[in-house]
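Undergrad: So for the sequence shown, the working numbering puts the first residue at 97; every next one is plus one.
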Amino acid sequence: MESIGIIAEYNPFHNGHLHQITEAKKKSKLDYTICIMSGNFTQRGEPALFSKWTRAAMAVNSGVDLVIELPCVFTVRSAQDFARGGIRLLNSLNIRYISFGSEHADLSLLEKVSSASLDPAITEELHTNLKSGQSYAAALSTAISKTHSIPAAILSQPNTILAVEYLNAIKIFKTKQKILPIERAAAPYHSGIISGDLASAGAIRKELYSSSPNFSLIKQSVPLETYQTIETFCQNSAALPSMDLLSTSILALLRKIKQPELKNITGISEGLEYKIAKAALQSRDLTELLALTKSKRYPMSRLHRLVLHCLLGTTKQSIAAFDQSGPLYARVLAFNMKGREILHELKRTASIPIITKTTNFLDSTKRSHSQLSLLESMLAIDTYATDLYALCFSPAQIGGLDFLTSPMYIKR
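#1: How would you write the range of the alpha helix (DSSP H) that G182 sits in, first residue to last?
#2: Return the CA-CA distance between D202 and P277, expressed in angstroms with no decimal places.
#3: Okay, do the segment 169-186 and the segment 369-378 touch, 3+ Cβ pairs below 8 Å being the bar?
#4: On the three-state DSSP scale, how would you describe P143?
#5: Can you tell me the Cα-Cα spacing of F311 and A297, whole angstroms?
#6: From which residue to which residue does the beta strand (DSSP E) around C168 run?
#7: Run through the DSSP bridge pairs and tell me what G197 is partnered with.
#8: Report the residue ranges of all alpha helix (DSSP H) runs contained in full by the segment 391-424; include only those spanning at least 4 residues, in chain order.
#9: Apply the 10 Å Cβ neighbour rule to L470 and answer buried if 16 or more other Cβ atoms are within range, or exposed otherwise.
#10: Is L313 near the ligand MG - that is, is its Cβ less than 7 Å away from at least one heavy atom of it?
#11: What does the alpha-carbon distance come out to for the pair T161 and N432?
#12: Quick check on Y106: buried or exposed, where buried means 16 or more other Cβ atoms within 10 Å of its Cβ?
#13: Give the range of the alpha helix (DSSP H) segment to which Y480 is assigned.
#14: Start and end of the beta strand (DSSP E) containing F431?
#15: Going by C-alpha distance, which of P108, R184 and L341 is nearest F418?
#16: Report buried or exposed for T410, applying the criterion of at least 16 other Cβ atoms within 10 angstroms of its Cβ.
#17: Per DSSP, what kind of secondary structure is M97 in: helix, strand or coil?
#18: Helix, strand or coil: which one does DSSP assign to L294?
#19: Just tell me which of K507, K125, Y505 and T482 has its CA closest to the CA of K148.
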């Protein structure tokens, strides 16, 4: 039983995603689709518009057969680590065909950029660019364009960067997966405007968080099932999650944490712990904290991830262990009838356990114990992330939802 694998966030699921799935099935001639999806927090370290179960159900309602969660320790990371986590998880499930959307769908060009990014010859140039204050993506783009005569503009789009990182991960981990790039049909990633039936997820989120969302605009840019969910959950922006609601918790933590502990949080380097600690004393909320800490080297997305890692207590040592092991389980979020067939096959052939009931592997009592296996520690961080996500609403939601919520079965 061959399936095509997709790594995504679906925040929210829109017509561009539907186009990718349709084209991937058509070009691969495969009837089964598995999506590896971020959980309640996205790669940028922000709370997702809807819970992971709701977003997974959106995807299944629009053509995906099975949605599996990418563990938080790989989701809330750089594009490089996000891609590596997704590729390794699909490989553990023996998924040999990978599809992704990209502004540049020319596989030979993407392979050329991938090879250039892995070329040791760019290392010195890359480090020089990083020291000058450039973000990793900008530094890599500049280094590649200078050393390999590849236009820097090719790496200016997040989806193209991810595409290259997927190819890099396949080479590094020797997974031998076959790639099927699909030209991105949605509006440009950074476009904040909804125009016609193809809009970026960012533009849809921007509209929903506005004071007076134009639902007719949103309706034309998403599948019917997505719009029905939006209608149910998004009657006003106050119903949407906001990281700002964690401001007090974040400032309380950063004002009392010891410097050695803060320095040991993943993502903290180059003396950033001192800058953050000082900013925490001068700030009254998360917005002020990020404004005082932001720099060319530390853009907002990186700082959002860093703050979340502080709340989750994700240390450099734990991340190193997780990176060495790769994803240790496949946690099911939603599936349909064909997805059920895939699950039966995966339980027999996958090299990692398939989790459909979290408490079979970890419960709230065991989670509080100091001695956890690496799998349990990885899973515990997922559950803590869900508990934090529940606090991003007003009023706050209850905790422990990972121990109470079953995968969504969509009968279709």
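Glycine included, each C-beta is placed from N, C-alpha and C at the ideal position.
TA: In terms of the structure at hand:
#1: Within the sequence shown, the letter at position 86 stands for residue 182. Here the alpha helix (DSSP H) through G182 covers A175 to S188.
#2: As a first step, residue 202 is located in the sequence shown; it is residue number 106 there, counting from the start. As a first step, residue 277 is located in the sequence shown; it is residue number 181 there, counting from the start. For D202 and P277, the distance between alpha carbons rounds to 7 Å.
#3: no
#4: For this step, residue 143 is matched to residue 47 along the sequence shown. Strand at P143.
#5: Start at 1 with the first residue of the sequence shown, and residue 311 comes out as number 215. Start at 1 with the first residue of the sequence shown, and residue 297 comes out as number 201. Between F311 and A297, the C-alpha separation is close to 14 Å.
#6: Taking the first residue of the sequence shown as 1, we reach residue 168 at position 72. First-last for C168: C168 to T171, but that is the alpha helix (DSSP H), not the beta strand (DSSP E).
#7: As a first step, residue 197 is located in the sequence shown; it is residue number 101 there, counting from the start. Its beta-bridge partners are I278.
#8: 396-408 and 412-421
#9: Residue mapping note: residue 470 aligns to position 374 of the sequence shown, counting from 1. L470 is exposed by the Cβ-count criterion.
#10: The ligand MG is not part of this structure, which contains no ligands at all.
#11: If you number the sequence shown from 1, residue 161 lands on position 65. If you number the sequence shown from 1, residue 432 lands on position 336. Reading the sequence as shown, one finds Asp at residue 161 and not Thr. Their backbone Cα atoms lie some 5 Å apart in a straight line.
#12: Along the sequence shown, read from residue 1 onward, the residue named residue 106 stands at position 10. Counting Cβ neighbours within 10 Å, Y106 comes out buried, since at least 16 surround it.
#13: As a first step, residue 480 must be located in the sequence shown, where it is residue number 384. First-last of the alpha helix (DSSP H) with Y480: L470 to A486.
#14: Within the sequence shown, the letter at position 335 stands for residue 431. Element bounds for F431: A426 to F431.
#15: Numbered from 1 along the sequence shown, position 322 holds the residue referred to as residue 418. Of the candidates P108, R184 and L341, the one whose C-alpha sits nearest the C-alpha of F418 is R184.
#16: Sequence index remark: in the sequence shown, residue 410 carries index 314 (1-based). Label assigned to T410: buried.
#17: Taking the first residue of the sequence shown as 1, we reach residue 97 at position 1. Of the three classes helix, strand and coil, the one that applies to M97 here is coil, per DSSP.
#18: Within the sequence shown, numbered from 1, the residue matching residue 294 stands at position 198. Three-state DSSP puts L294 in coil, outside helix and strand.
#19: As a working note, residue 148 is residue 52 in the sequence shown. Considering only alpha carbons, the answer is T482.
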